[in-house]
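J.:
In our numbering, the protein residues as written are 2 to 533.
1) Do residue 314 and residue 320 have their beta-carbon atoms positioned less than 7 angstroms apart in this structure?
2) In chain order, which alpha helix (DSSP H) runs of at least 4 residues are fully inside the stretch 325 to 352?
3) Output yes or no for whether 7 angstroms exceeds the beta carbon distance between residue 191 and residue 229.
4) By DSSP, does residue 170 sit in helix, in strand, or in coil?
5) Whole angstroms are fine: how far does the CA of residue 293 sit from the CA of residue 243?
6) Are the CB atoms of residue 463 and residue 491 nearer to each other than 7 angstroms?
7) Could you work out which residue in 277, 502, 235 and 455 is closest to residue 222 when comparing CA atoms only?
8) Taking Cβ positions, are residue 270 and residue 213 nearer each other than 7 angstroms?
9) Using the rule of at least 16 other Cβ atoms within 10 Å of the residue's Cβ for burial, across every protein chain shown, is residue 498 buried or exposed?
10) Among 38, 98 and 87, which one has its Cα closest to the Cα of residue 56?
11) Would a C-beta distance cut-off of 7 angstroms place residue 304 and residue 311 closer than the cut-off?
12) Can you tell me which of 472, 505, 218 and 494 puts its alpha carbon nearest to the alpha carbon of residue 524?
13) Roughly how many whole angstroms lie between the Cα atoms of residue 75 and residue 96?
14) In the DSSP assignment, find the beta strand (DSSP E) that holds residue 305 and state where it starts and stops.
15) If you draw a straight line from the C-alpha of residue 344 to the C-alpha of residue 417, how long is it?
16) Please determine, among 67, 94, 68 and 86, the residue with the shortest C-alpha to C-alpha distance to residue 39.
17) Residue 23 to residue 102, Cα distance in whole Å?
18) Grab me the residues of residue 410's own chain with a C-beta within less than 6 angstroms of its C-beta, minus the 5 sequence neighbours each way, in chain order.
19) DSSP on residue 86, reduced to helix/strand/coil?
20) Kindly indicate the opening and closing residues of the beta strand (DSSP E) around residue 437.
21) Where do the N-terminal and C-terminal ends of the alpha helix (DSSP H) with residue 240 fall, by residue?
22) Does the separation of the CB atoms of residue 186 and residue 383 fall below 7 angstroms?
23) Which residue comes first and which comes last in the beta strand (DSSP E) that contains residue 392?
24) My guess is that residue 422 and residue 450 are in contact by the Cβ rule of under 8 angstroms, so how many angstroms apart are they, rounded?
25) Helix, strand or coil for residue 478, going by three-state DSSP, please let me know.
26) What is the DSSP secondary structure of residue 27, counted as helix, strand or coil?
27) Return the CA-CA distance between residue 381 and residue 73, expressed in angstroms with no decimal places.
28) If you pair each beta-carbon of the stretch 231 to 251 with each one of the stretch 160 to 171, do three or more pairs fall below 8 angstroms?
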């Protein structure tokens, strides 16, 4: 039976121009057999060129977009049909790209904007983006060595490459008896480490005591740890968030951790897991790894280091001190997609004893997953290192980034942002109206506007800075920043890390902050004079 006729991209004349935008011309033609059109090499080539041009134009016009959109909930849902089309619309791909341009992009927060200072970066690079495309095009599912031998072995190679670049202890790397894997996020990494720790501890104290297991972290630790504890079956009352203090730069105190663990032991509970952080989300506080490991060792506690953001800085020798004592940790994770140009998503997890991961997360292989070539060999089946069976070929992207930029290139990338953050910090300190609230450790500056005593001083400082942030973020073509509230103090966060950010963007951002602050103080002066 002949295939049906429907509209199809004409390959003879490429594109036509209408209204200044180039899109494929649609003509009537015979559709290839089912299954071939969806992965036709020539159609892929044509549409691929359109996508690459679209992305390149997007980056070229990044400055035209406000970093954060001024939209309200439901704005996009009201503009799109309630149901998918039953059949392809004419020129569907070109039409969809137009909708991305006209409907989707105006409603996006532009994370790659050079004026995005609100969050830790989701760093992009040409190689990172193309590596994503290459992995998506190959579309392998490397859950076992046999399912894609090269993908598995490339992952083993690349996690050791990255571990060496970050100066991690040899015991965490494959060549040192440990090993690593690539996951989607630090949330996954923390959960996998916690489950491995749980299974090890239950084997020691008897499985029925799961209700006695206790997890520890600081009050600055990412909420992913609390979420992981819930998923892993840890009783909510057995989750300890230990208070931190400004005098300690909001780092977890070994003394207070020791007291908390001993109190739990005295109560008949079982200390299980400690998550130390290098670079907390709110202020980039650094927990003292060596001292915390010593406390944990007395109770056989698994120590995981979450370095989601700041782990990238370890590529620079001048930051190696933040990982002192790392030889004693059980696991370590960081997000290469945050600051090492690897594009989302790419979280690396290393474990000193991978056998504990596989003991907790491994499965007996079904017949369909077995392969004769792997029999008798000590192969890595990455399905046993995490929660998922289906997994992405992330190693290809990271391998390309390391090859094309080199370790020195990644160091330069991090150092540029650290220098810009130091420059911003200097501008804040030079203006007596402001103060730096938490010492800058990497490329995040936490600061606030001082509230004059006649306007209420500390009593009004938080509300003043809350208003300042709203004013800054509401400025057309201005910077986008975020806030934190630590120790009762509300502060603004300027996180520098976008690949496109230059010194001028930092200076312009500070000018906006100063102008908005001056305007606010003038308004307060007028109100004060009227009331007085």
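Even glycine gets a Cβ: it sits at the ideal position worked out from N, Cα and C.
T.: Taking the geometry as given:
1) In this structure, residue 314 lies closer than 7 angstroms to residue 320 by Cβ.
2) 337 to 340, all fully within the stretch 325 to 352.
3) For residue 191 and residue 229, yes; Cβs fall inside 7 angstroms.
4) In the structure shown, residue 170 sits in coil (DSSP, three-state: anything other than H, G, I, E or B).
5) Between residue 243 and residue 293, the C-alpha separation is close to 13 angstroms.
6) Inclusion of residue 463 and residue 491 in the CB contact set at 7 angstroms is warranted, their separation being smaller than that value.
7) Selected option, being the one with the closest Cα: 277.
8) The answer is yes: Cβ separation under 7 angstroms.
9) Residue 498 comes out buried.
10) Nearest Cα to residue 56 within the set 38, 98 and 87: 98.
11) No. Outside cutoff.
12) Closest in C-alpha terms to residue 524, from the list 472, 505, 218 and 494, comes 472.
13) A direct Cα-to-Cα measurement between residue 75 and residue 96 gives close to 22 angstroms.
14) Taken as a continuous stretch (DSSP letters only), the beta strand (DSSP E) holding residue 305 covers 303 to 307.
15) In a straight line, the C-alpha of residue 344 is about 18 angstroms away from that of residue 417.
16) Comparing alpha-carbon positions, the option among 67, 94, 68 and 86 lying closest to residue 39 turns out to be 94.
17) Interpretation of residue 23 is limited by its pLDDT of 38, a score under 50 that renders its predicted location unreliable; the figure taken from the coordinates is listed afterwards. Rounded to whole angstroms, residue 23 to residue 102 spans 13 angstroms at the Cα level.
18) Closer than 6 angstroms at Cβ, skipping near neighbours: no residue.
19) In the structure shown, residue 86 adopts coil according to DSSP, grouped into three states.
20) Unbroken beta strand (DSSP E) run through residue 437: 435 to 439.
21) Per DSSP, residue 240 belongs to no alpha helix (DSSP H); it is in the beta strand (DSSP E), 240 to 243.
22) No, these two residues do not count as a Cβ contact at 7 angstroms.
23) It is not in any beta strand (DSSP E) - residue 392 carries neither H nor E in the DSSP assignment.
24) In fact, because the Cβ distance is near 19 angstroms, the residues do not count as touching under 8 angstroms.
25) Residue state, collapsed to three classes: coil.
26) Residue placement at residue 27 is poorly supported in this model, since its pLDDT is 38, which falls under 50; the coordinates are not used for a value here.
27) In a straight line, the C-alpha of residue 381 is about 48 angstroms away from that of residue 73.
28) Verdict: no, contact absent.
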